[in-house]
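Structure record follows, encoded as structure tokens.
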Amino acid sequence: MDFPVSGRLAGIDYGTVRVGIAVTDTERIVASPLQVYRRVNSVADQRFFRALAEDEALVGWVVGLPVHTSGDESQKSREARHYGQWLAEVTELPVRFFDERYTSQGADQLLLEGALTGRRRKLKRDMVAAQIMLSAYLEFVSMGKHGEGTESWE
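Using our numbering, read the sequence shown as starting at 3 and increasing by one per residue.
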């Protein structure tokens, strides 16, 4: 399954408890935070992501790949890859993995500047991290890189 060059994408900031979600516009100019999904169980999670894909008219997923500053993969990287494979199977949409180094720190900085309380920052952190990662992906692709530096799961 080829990764589509047009249409809405969702960015995923994977977590074992919470999943941050951001989406692009149809022209892929801007990424916006959408929500934080609190994982429940496999059946509920499948239902949620299938509905999300349909409701948001998604054509693909960009899953953040947490790697060490050296670029080496971690246990979390392997978990994110597994989750991306699961998303592809459940929704029948292609997945691309993209480096998400420093997105959580960037989200924290943005939320601190927004003067939110600690509890409210924590609630929004994952979807803002997803937005930062998805925005970086859009910029990367707009520079003509397309698949370079990313990996697809098909």
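Ideal placement from N, C-alpha and C gives every residue a C-beta, glycine not left out. Treat the numbers as computed from the prediction; the structure is a model and nothing was measured.
Thinking just about the alpha-carbon of each residue, which of the options is nearest to the one in residue i?
i           : options        : result
residue 79  : 12, 66, 144    : 66
residue 15  : 71, 57, 102    : 102
residue 136 : 93, 61, 35, 48 : 35
residue 69  : 60, 62, 83, 63 : 83
residue 134 : 10, 6, 86, 33  : 33
residue 24  : 139, 94, 88    : 139
residue 142 : 40, 4, 64, 38  : 64
May I ask you to list the residues that DSSP assigns as paired with residue i?
i           : result
residue 24  : 13, 35
residue 40  : 20
residue 101 : 67
residue 62  : 11
Within 10 angstroms of the Cβ of residue i, are there 16 or more other Cβ atoms? Answer buried if so, exposed if not.
i           : result
residue 77  : exposed
residue 29  : exposed
residue 42  : exposed
residue 127 : buried
residue 55  : buried
residue 129 : buried
residue 161 : No information on residue 161 is available, as it lies outside the stretch 3 to 156 that the chain covers here.
residue 45  : exposed
residue 146 : exposed
residue 7   : exposed
Using 8 angstroms as the threshold, is the C-beta distance between residue i and residue j below it?
i          : j          : result
residue 90 : residue 22 : no
residue 27 : residue 96 : no
Between the alpha carbons of residue i and residue j, how many angstroms are there, rounded?
i           : j           : result
residue 71  : residue 17  : 19 angstroms
residue 51  : residue 92  : 8 angstroms
residue 49  : residue 57  : 12 angstroms
residue 73  : residue 19  : 24 angstroms
residue 99  : residue 125 : 24 angstroms
residue 60  : residue 75  : 28 angstroms
residue 104 : residue 13  : With a pLDDT of 49 at residue 104, under the threshold of 50, the predicted position of this residue should be treated as unreliable, and no value is reported.
residue 47  : residue 53  : 10 angstroms
residue 81  : residue 144 : 28 angstroms
Is any heavy atom in the ligand FAD found nearer than 7 angstroms to the beta carbon of residue i?
i           : result
residue 138 : The ligand content of the structure shown is nil, which means the ligand FAD is not present either.
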